[in-house]
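Residue numbers (full-length UniProt numbering): 1 to 417.
Built from N, CA and C at the ideal position, the CB exists for glycine as well.
Data first, discussion second: the structure below is written as structure tokens.
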């Protein structure tokens, strides 16, 4: 059910109904509030207008006789009040348990209202299964609203996937870099694509799959969906590389330049970005060269991408004195994280329970950490995940290292990376 909202929340023209008790909507509220604060904290919040969201309001008595009539009434109300281009129904675990035939109701109401009414089979899609539901909605949108391209819109690209959303610093930075080689981002499918603009996906010169690693299971599912779109509509897609740090982003941009016949433009953008970053690095080394830091890790590595961070620390002239693992992992996770870190560096890796970890924290100039540490005397750069992408991300982290050093040692300080 939340997957329906995730995939459609900013698809202008859509209206979402949860066939559920009213209380189930709290899942969406919690997710939206978290997203709001994340965007505000990153300084990238641009207030979009989410589509209407209603609940059918399944009540206790409906467990016996079903809530199909409640759903019909809700759809009629939605059509009359909001005049959507299409209604999408997300089933809940409750509607699934009581056996409501949501699909039959949707077909019946579509005929009655002469309006697309689509039931998405997402009962139970939560947590690790929500991505299946997300892609189910994307396939429904493709089946109902996307057509073979009448033309190719040269110079346009569409993004496939979320990765923080259209207003995230990640997506906005990629949009800026692509504009530098003459490619305009038109839509981000599915969540940020208005229903009347879905055709921009199949007509794009290139469909770009967002992500960070092909080893991620969800990434593989997204690439498989891109292949489906290519098979069905002939739209070329790119998923051979993903933007990350400066080197990864340069490779990503070069590959896209080759695929779109814009090699020289891509090289020019890369040259400008590298020159600008080198100026920042030369200035920063005057303060950072010879400083010592430690990395405190409490997340799995796909959130952190430590190879990018550790390479940047080296470029800045900062010495990584060690790595500390927080007591937040299972034994299996801990082993995987430690093995991944040892592939990136040969510095000591300590457990937070080890007494030597406290000495290490006290011996460095500042700390990179995935979780806020309770010791207020430490200068901390908090990394829930890397802040953005490419040269912009590395510039941000360089500035964070400079700024945190201005904090008084007796007062510590916390900077959100």
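### Task
Tell me residue 159's beta-bridge partners as DSSP assigns them.
Along the chain shown, one-based indexing puts residue 159 at 159. Residue 159 is bridged to 188 and 208.
### Query
Hey, would you say residue 160 sits closer than 8 Å to residue 198, going by beta carbons?
Sequence index remark: in the chain shown, residue 160 carries index 160 (1-based). Sequence index remark: in the chain shown, residue 198 carries index 198 (1-based). No, they are not a contact pair.
### Message
So for residue 237, helix, strand or coil by DSSP?
### Response
Taking the chain shown and counting its residues from 1, one reaches residue 237 at position 237. Residue 237 falls in the strand class under three-state DSSP.
#### Entry: Residue environment, residue 376, which counts as buried when at least 16 other CB atoms sit within 10 Å
Position 376 of the chain shown holds residue 376. Exposed, by the Cβ-count rule.
### Message
I'd like to know whether the C-beta atoms of residue 131 and residue 1 end up nearer to each other than 8 Å.
### Response
The residue labelled residue 131 in the question sits at position 131 within the chain shown. The residue labelled residue 1 in the question sits at position 1 within the chain shown. No, they are not a contact pair.
### Task
Would you mind sorting residue 335 into buried or exposed? The rule is 16 or more other CB atoms within 10 Å of its CB.
Sequence index remark: in the chain shown, residue 335 carries index 335 (1-based). By the 10 Å Cβ count, residue 335 comes out exposed.
### Message
For residue 19, list the residues DSSP reports as bridge partners.
### Response
Locating residue 19 in the chain shown gives position 19, where the first residue counts as 1. In the DSSP output, where bridge partners are listed per residue, residue 19 has 91.
### Query
DSSP beta-bridge partners for residue 55?
Indexing the chain shown from 1 puts residue 55 at position 55. BP columns for residue 55 point to 18.
### Task
Could you say which of 25, 355 and 368 lies nearest to residue 318 if we only look at CA atoms?
Within the chain shown, the letter at position 318 stands for residue 318. The shortest Cα separation from residue 318 among 25, 355 and 368 belongs to 368.
### Task
Please go through the same chain and pick out, in chain order, the residues whose beta-carbon is closer than 8 Å to the beta-carbon of residue 25, but skip the five residues on each side of it.
Locating residue 25 in the chain shown gives position 25, where the first residue counts as 1. Here the set comprises 18, 53 and 55.
### Message
I'd like the list of long-range same chain contacts for residue 175, defined as Cβ closer than 7 Å, with 5 residues on each side in sequence excluded.
### Response
Taking the chain shown and counting its residues from 1, the one referred to as residue 175 is at position 175. Result list for residue 175: 185, in chain order.
### Query
What's the C-alpha gap between residue 378 and residue 362?
For the purposes of this step, residue 378 is identified with residue 378 of the chain shown, where counting begins at 1. For the purposes of this step, residue 362 is identified with residue 362 of the chain shown, where counting begins at 1. Near 8 Å, if we compare the C-alpha coordinates of residue 362 and residue 378.
### Message
Quick check on residue 125: does DSSP put it in helix, strand or coil?
### Response
The residue given as residue 125 occupies position 125 in the chain shown. Residue placement at residue 125 cannot be trusted, given a pLDDT of 48 that sits under 50; what the coordinates show is reported in the next sentence. Note: residue 125 maps to coil in three-state DSSP.
### Query
Does the distance from the C-beta atom of residue 398 to that of residue 360 stay below 8 Å?
Within the chain shown, numbered from 1, the residue matching residue 398 stands at position 398. Within the chain shown, numbered from 1, the residue matching residue 360 stands at position 360. Not in contact: residue 398 and residue 360 (Cβ atoms no closer than 8 Å).
#### Entry: Buried/exposed call for residue 148, threshold 16 Cβ in 10 Å
Counting from one through the chain shown, the residue named residue 148 turns up at place 148. By the neighbour-count rule (16 or more Cβ atoms within 10 Å), residue 148 is not buried but exposed.
### Task
Might you give, ordered along the chain, the residues of its own chain that have their beta carbon closer than 7 Å to the beta carbon of residue 392, omitting 5 neighbours on each side?
Counting from 1 along the chain shown, the entry for residue 392 is found at position 392. Hits under 7 Å: 173.
### Any 3 or more C-beta pairs closer than 8 Å across the region 73-81 and the region 6-14
no
### Query
Helix, strand or coil: how does DSSP classify residue 318 here?
The residue labelled residue 318 in the question sits at position 318 within the chain shown. Residue 318 falls in the coil class under three-state DSSP.
### Task
Would you be able to state if there are at least three C-beta pairs under 8 Å between the region 259-279 and the region 216-235?
No, the region 216-235 does not touch the region 259-279.
### Task
Confirm, please, whether the CB-CB distance from residue 137 to residue 190 is below 8 Å.
As a first step, residue 190 is located in the chain shown; it is residue number 190 there, counting from the start. As a first step, residue 137 is located in the chain shown; it is residue number 137 there, counting from the start. Yes, the Cβ-Cβ distance between residue 190 and residue 137 is below 8 Å.
### Residue span of the beta strand (DSSP E) that contains residue 351, given as start and end
Here residue 351 refers to the residue found at position 351 when the chain shown is read from its first residue. First-last of the beta strand (DSSP E) with residue 351: 349-351.
#### Entry: residue 331 versus 304, 120 and 298, residue with shortest Cα-Cα distance
Your numbering for residue 331 matches position 331 in the chain shown. Considering only alpha carbons, the answer is 298.
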